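Asks: Input: one structure, supplied below.
2 protein chains.
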Amino acid sequence: MFNFSAGPATLPLPVLKKAQEELVLYPGAGASVMEISHRSKAYDAIHAQAKQNIASLLDLTDAYQVMFLQGGASLQFSMIAMNFLAGQSADYIHTGSWASKAISEAKKHGEVKVAWNGKEENFVRVPRNDELKLDPNAAYVHFTSNETIQGVEYPVPPEVGGKPLFCDFSSSFLSGPVDVSKFSLIYAGAQKNVGPSGVVVVIVRKDLLERVPQGLPSMLDYRLMAENDSLYNTPPCFSVYIVGLVTSWLLEDMGGLEKVKAHNQKKAQLLYFAIDGSGGFYRGHAQKDSRSLMNVTFRLPEEALEKEFIGQATAQGLDGLKGHRSVGGCRASIYNAMPLEGCQALRDFMVEFQKKKG
Amino acid sequence: MFNFSAGPATLPLPVLKKAQEELVLYPGAGASVMEISHRSKAYDAIHAQAKQNIASLLDLTDAYQVMFLQGGASLQFSMIAMNFLAGQSADYIHTGSWASKAISEAKKHGEVKVAWNGKEENFVRVPRNDELKLDPNAAYVHFTSNETIQGVEYPVPPEVGGKPLFCDFSSSFLSGPVDVSKFSLIYAGAQKNVGPSGVVVVIVRKDLLERVPQGLPSMLDYRLMAENDSLYNTPPCFSVYIVGLVTSWLLEDMGGLEKVKAHNQKKAQLLYFAIDGSGGFYRGHAQKDSRSLMNVTFRLPEEALEKEFIGQATAQGLDGLKGHRSVGGCRASIYNAMPLEGCQALRDFMVEFQKKKG
Numbered sequence: 095m096f097n098f099s100a101g102p103a104t105l106p107l108p109v110l111k112k113a114q115e116e117l118v119l120y121p122g123a124g125a126s127v128m129e130i131s132h133r134s135k136a137y138d139a140i141h142a143q144a145k146q147n148i149a150s151l152l153d154l155t156d157a158y159q160v161m162f163l164q165g166g167a168s169l170q171f172s173m174i175a176m177n178f179l180a181g182q183s184a185d186y187i188h189t190g191s192w193a194s195k196a197i198s199e200a201k202k203h204g205e206v207k208v209a210w211n212g213k214e215e216n217f218v219r220v221p222r223n224d225e226l227k228l229d230p231n232a233a234y235v236h237f238t239s240n241e242t243i244q245g246v247e248y249p250v251p252p253e254v255g256g257k258p259l260f261c262d263f264s265s266s267f268l269s270g271p272v273d274v275s276k277f278s279l280i281y282a283g284a285q286k287n288v289g290p291s292g293v294v295v296v297i298v299r300k301d302l303l304e305r306v307p308q309g310l311p312s313m314l315d316y317r318l319m320a321e322n323d324s325l326y327n328t329p330p331c332f333s334v335y336i337v338g339l340v341t342s343w344l345l346e347d348m349g350g351l352e353k354v355k356a357h358n359q360k361k362a363q364l365l366y367f368a369i370d371g372s373g374g375f376y377r378g379h380a381q382k383d384s385r386s387l388m389n390v391t392f393r394l395p396e397e398a399l400e401k402e403f404i405g406q407a408t409a410q411g412l413d414g415l416k417g418h419r420s421v422g423g424c425r426a427s428i429y430n431a432m433p434l435e436g437c438q439a440l441r442d443f444m445v446e447f448q449k450k451k452g
Numbered sequence: 095m096f097n098f099s100a101g102p103a104t105l106p107l108p109v110l111k112k113a114q115e116e117l118v119l120y121p122g123a124g125a126s127v128m129e130i131s132h133r134s135k136a137y138d139a140i141h142a143q144a145k146q147n148i149a150s151l152l153d154l155t156d157a158y159q160v161m162f163l164q165g166g167a168s169l170q171f172s173m174i175a176m177n178f179l180a181g182q183s184a185d186y187i188h189t190g191s192w193a194s195k196a197i198s199e200a201k202k203h204g205e206v207k208v209a210w211n212g213k214e215e216n217f218v219r220v221p222r223n224d225e226l227k228l229d230p231n232a233a234y235v236h237f238t239s240n241e242t243i244q245g246v247e248y249p250v251p252p253e254v255g256g257k258p259l260f261c262d263f264s265s266s267f268l269s270g271p272v273d274v275s276k277f278s279l280i281y282a283g284a285q286k287n288v289g290p291s292g293v294v295v296v297i298v299r300k301d302l303l304e305r306v307p308q309g310l311p312s313m314l315d316y317r318l319m320a321e322n323d324s325l326y327n328t329p330p331c332f333s334v335y336i337v338g339l340v341t342s343w344l345l346e347d348m349g350g351l352e353k354v355k356a357h358n359q360k361k362a363q364l365l366y367f368a369i370d371g372s373g374g375f376y377r378g379h380a381q382k383d384s385r386s387l388m389n390v391t392f393r394l395p396e397e398a399l400e401k402e403f404i405g406q407a408t409a410q411g412l413d414g415l416k417g418h419r420s421v422g423g424c425r426a427s428i429y430n431a432m433p434l435e436g437c438q439a440l441r442d443f444m445v446e447f448q449k450k451k452g
């Protein structure tokens with residue numbers, strides 16, 4: 095079976111097998127990873143390895159700190175505003191469902207200025223740099239690297255003229271190389287590309303932490319979390335362990351993010367070629383220059399046909415292709431761990447289905 | 095090896111074995127629990143089963159809702175205050191390290207009145223009901239069922255005369271029967287008695303949710319979490335799955351909470367008898383009527399001896415006996431999943447050690 099779910103999503107099979115092998119007895123610990131103290135040497139090594147892998151994959155300098163927090167990107171929407179917006183304004187780029195949620199939460203803590211809004215165009219693209227209305231006094235600029243629901247992705251990050259750039263990278267994190275030096279804060283729920291749900295990876299420029307106000311709830315205070323290396327309280331140890339295994343797989347088995355990106359492009363192209371070559375039977379939601387490598391969103395001529403398409407695909411072991419209810423149609427989520435064979439199988443199915451029904 | 099860590103702590107071996115068996119392919123899902131959508135039928139069933147198990151174990155009525163949230167008890171310290179304290183005052187009973195943290199966080203959101211403080215006595219006991227100074231206008235009364243660090247536990251919950259009673263049950267949750275009808279809100283980090291870290295179980299009286307103010311950060315809004323059955327965003331699916339397995343084990347293998355409690359009493363008595371019978375060589379930290387069934391804290395005549403005790407115990411496979419740095423000495427955490435054999439082995443070791451060194 096191939097699992098095209100939007101997240102939680104497919105994990106690499108070697109990772110699952112290793113986790114299975116070590117589940118009852120983690121080597122050297124005499125117990126399961128789920129049973130050992132988060133202050134133990136064995137967990138320390140797991141925690142440090144996961145951080146080191148992410149730093150290696152992204153060529154991080156010492157100016158940045160990697161943290162493992164809880165509550166998903168949804169809690170980050172609030173944390174970034176509580177830590178960096180309070181009493182000021184920030185610019186948010188509105189590209190779809192997830193940007194919208196980030197904006198709603200930020201508004202509870204300060205002024206949000208929408209630097210660009212794709213709503214009238216039905217969220218089919220990201221903005222050009224010259225379309226952004228940036229406020230020189232903004233505390234930061236926030237964007238969403240990939241809109242999981244609309245299937246719209248920035249090919250390169252927006253240029254924001256030296257303002258602190260914050261990014262929700264949840265659904266395209268570690269799917270290719272990123273020049274982190276352009277960013278002040280990156281966050282990503284793990285359950286798409288880097289692990290199971292229950293942990294969100296946050297990468298923050300250390301000098302930004304000086305701006306964190308006093309008196310925040312401890313668990314929502316980035317400075318306190320950073321000072322304690324994400325160990326202020328018990329972290330989600332097993333999820334961090336899996337993130338460590340997935341990032342080791344990205345480094346060692348996949349050979350780093352350049353190769354990961356090439357692989358992801360090859361996979362996405364299979365599907366976009368099928369769409370573009372279908373003579374309009376399949377219609378991509380996103381404009382070509384904003385197409386996501388992670389979530390391929392498309393429609394068929396009629397809703398009834400879409401239902402049939404999804405039903406037959408599921409019966410053939412191509413699972414999770416139903417589009418999000420807010421957009422409709424079909425969506426193939428093809429994160430890092432989706433093998434090329436999965437995309438080939440879906441492409442073949444698309445061609446066959448069109449032959450029968452087109 | 096027996097693992098006496100204070101948390102994350104020992105899990106039942108049948109649970110670990112089942113999780114291992116199902117790790118790569120969860121029956122009927124065609125994928126790992128870590129890979130399936132939190133909106134899928136397979137996850138729905140896992141989520142519902144875990145809730146149902148907890149409801150069955152505690153004889154919960156429909157007046158209560160069970161939720162699975164993130165951020166541990168530490169984030170609950172803030173959430174309860176943000177949801178129910180703002181602009182009012184609440185009574186907190188101060189019995190040790192965890193009560194202290196709950197108080198510090200609550201103070202950021204409203205007025206905290208300390209109804210009793212065990213600090214001058216070095217946190218060796220819980221208060222009698224007649225010692226509590228309760229404010230008739232308190233929004234709620236908060237207490238800590240078991241102080242993991244001091245090893246001090248309420249044999250029965252305090253009587254607070256009809257005020258909403260809130261409890262941090264983290265380290266004694268499901269260790270014995272509880273009359274939940276006495277409580278308005280219970281929360282418990284899972285990583286002691288009911289699962290791995292990364293999920294906190296919250297049980298709330300539904301009518302209390304009417305008091306939640308508007309405009310809270312979504313992820314910190316109990317009403318929103320309850321309305322969405324803890325699925326407002328992606329929950330920590332794998333941790334919830336393990337909670338489901340552990341609570342099934344408590345119901346089916348252990349036979350329910352009456353039997354669990356009897357088992358826990360038997361285990362704790364082995365160690366407390368060894369302490370009491372040592373002629374003062376081992377000294378329990380807690381007063382007898384406040385002794386914890388979960389965390390047995392004790393000192394030896396000298397710190398050097400304590401070090402030796404812990405070192406020799408570890409070498410014999412009795413791991414995690416070092417007391418918390420804030421209290422010192424030794425601590426044996428013997429949660430639900432610690433087998434009787436573990437306590438017997440520790441008792442035997444204590445007797446032998448005293449023979450050699452006492």
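Note that the protein sequences, when read in sequence, are chains A and B.
If you read the first sequence in my numbering, its first letter stands for residue 95, the second for the next number, and so on.
If you read the second sequence in my numbering, its first letter stands for residue 95, the second for the next number, and so on.
Heads up, the beta-carbon is just placed ideally off N, CA and C, and yes, glycines get one too.
Quantities reported herein were computed from a predicted structural model and do not represent experimental measurements.
Between which two residues does the alpha helix (DSSP H) harbouring Val195 (chain B) extend?
Replies: One point to set straight first is that residue 195 (chain B) is Lys, not Val, in the sequence displayed. Note, Lys195 (chain B): alpha helix (DSSP H), 191-200.
Asks: What are the start and end residues of the alpha helix (DSSP H) that includes Val340 (chain A)?
Replies: Per DSSP, Val340 (chain A) belongs to the alpha helix (DSSP H) from 331-342.
Asks: Indicate whether at least one CB of chain A lies closer than 7 Å to the CB of Cys424 (chain B).
Replies: Not one beta carbon of chain A lies nearer than 7 Å to the beta carbon of Cys424 (chain B).
Asks: Quick one: is Gly212 (chain B) near chain A, going by C-beta distance under 7 Å?
Replies: no
Asks: Please name the residues in the region 416-441 of chain A whose beta-carbon is closer than 8 Å to at least one beta-carbon of chain E, in chain order.
Replies: The structure shown contains no chain E; its protein chains are A and B.
Asks: Please go through the same chain and pick out, in chain order, the residues whose beta-carbon is closer than 6 Å to the beta-carbon of Pro290 (chain B), but skip the five residues on each side of it.
Replies: Ser333, Ile336
Asks: Measuring only the C-alpha atoms, how far is Gln285 (chain A) from Ser191 (chain A)?
Replies: 17 Å
Asks: Using only CA atoms, which one of A:His203, A:Ala139, A:Arg425 lies nearest to Ser312 (chain B)?
Replies: A:His203
Asks: Excluding the 5 residues flanking Glu225 (chain A) on each side, which residues of the same chain have their C-beta closer than 6 Å to its C-beta?
Replies: So the list reads Trp210, once near-sequence residues are dropped.
Asks: Taking Leu110 (chain B) as the query, report the chain A residues whose CB atoms sit under 7 Å from its CB, ordered along the chain.
Replies: Leu117, Val118, Ser126
Asks: Starting from the C-beta of Ile130 (chain B), find all residues in its chain whose C-beta is less than 6 Å away, skip the five residues before and the five after it, and write them out in chain order.
Replies: Once the five neighbours on either side are set aside, the close Cβ partners of Ile130 (chain B) are Ala123, Ala136, Tyr137.
Asks: How would you list, in chain order, the residues of chain A whose beta-carbon sits under 9 Å from the beta-carbon of His132 (chain B)?
Replies: Per Cβ cutoff of 9 Å: Gly101, Pro102, Gln285, Ser291.
Asks: Do Ile280 (chain B) and Cys261 (chain B) have their C-beta atoms closer together than 7 Å?
Replies: yes
Asks: Please report how far the alpha carbon of Leu437 (chain B) lies from the alpha carbon of Ala320 (chain A), in whole angstroms.
Replies: It is worth fixing the name first, because residue 437 (chain B) is Cys in this sequence and not Leu. Between Cys437 (chain B) and Ala320 (chain A), the C-alpha separation is close to 38 Å.
Asks: State the Cα-Cα distance for the pair Pro221 (chain B) and Thr238 (chain B), rounded to the nearest angstrom.
Replies: 12 Å
Asks: What residues from chain A crowd round Lys202 (chain B), counting only those whose CB sits closer than 7 Å?
Replies: Gly309, Pro311
Asks: Nearest to Glu199 (chain A) by alpha carbon, out of A:Ala232, A:His236, A:Asn216?
Replies: A:His236
Asks: Does Leu107 (chain A) pass the burial test, meaning 16 or more other C-beta atoms within 10 Å, or should it be called exposed?
Replies: exposed
Asks: Just how far apart, CA to CA, sit Phe178 (chain A) and Ile297 (chain A)?
Replies: 15 Å
Asks: I'd like the span of the alpha helix (DSSP H) that includes Arg317 (chain B), first residue to last.
Replies: Annotation for Arg317 (chain B): the continuous alpha helix (DSSP H) segment containing it runs 316-321.
Asks: Okay, do the region 258-273 of chain A and the region 349-365 of chain A touch, 3+ Cβ pairs below 8 Å being the bar?
Replies: yes
Asks: Out of A:Ser264, A:Leu314, A:Gly373, which has the shortest C-alpha to C-alpha gap to Lys449 (chain A)?
Replies: A:Gly373
Asks: Residues in its own chain within less than 7 Å of Leu163 (chain B) by CB, not counting five upstream and five downstream?
Replies: Val294, Val296, Met319, Ser324
Asks: Taking the straight line between their C-alpha atoms, what separation do you get for Leu370 (chain A) and Ser134 (chain B)?
Replies: The residue asked about is misnamed: residue 370 (chain A) is Asp in this sequence, not Leu. One C-alpha to the other measures close to 31 Å.
Asks: For a contact defined as C-beta to C-beta under 7 Å, what are the partners of Gln410 (chain A) on chain B?
Replies: In chain order: nothing, as chain B lies at least about 12 Å away.
Asks: Let me check one thing: in DSSP terms, what residues is Lys207 (chain B) bridge-paired to?
Replies: DSSP, once it has assigned bridges, lists B:Asp185 as partnering Lys207 (chain B).
Asks: Is the region 97-117 of chain B close to the region 111-120 of chain A, with three or more CB pairs under 8 Å?
Replies: yes
Asks: Unbroken alpha helix (DSSP H) runs of length 4 or more, entirely within the region 97-148 of chain A: which are they?
Replies: Runs of alpha helix (DSSP H) with 4 or more residues, each lying fully within the region 97-148 of chain A, are found at 107-115, listed in chain order.
Asks: Which chain B residues are close to Phe332 (chain A), counting only those with a beta carbon under 8 Å from its beta carbon?
Replies: The answer, in chain order, is Pro290, Ser291, Gly292, Phe332, Ser333.
Asks: Alpha carbons only, please: which of B:Gln410, B:Lys213, B:Ser265 is nearest the one belonging to Ala103 (chain B)?
Replies: The shortest Cα separation from Ala103 (chain B) among B:Gln410, B:Lys213, B:Ser265 belongs to B:Ser265.
Asks: Can you have a look at Glu446 (chain B) and say buried or exposed, based on whether 16 or more other CB atoms are within 10 angstroms of its CB?
Replies: Residue environment analysis places Glu446 (chain B) among the exposed positions, since fewer than 16 neighbouring C-beta atoms fall within 10 angstroms of its C-beta.
Asks: Just list the residues that DSSP pairs Met161 (chain B) with in beta bridges.
Replies: B:Val296
Asks: Could you tell me whether any Cβ in chain A is nearer than 7 Å to the Cβ of Leu339 (chain B)?
Replies: no
Asks: Identify the residues that DSSP records as bridge partners of Asn389 (chain B): which are they?
Replies: B:Ser427
Asks: The alpha helix (DSSP H) spanning Leu351 (chain B) covers which residue range?
Replies: 351-370
Asks: Looking only at DSSP bridge pairs, what is Gln281 (chain B) linked to?
Replies: Checking the displayed sequence, the identity of residue 281 (chain B) turns out to be Tyr instead of Gln. DSSP output for Tyr281 (chain B) lists B:Asp262, B:Val296 as bridge partner(s).
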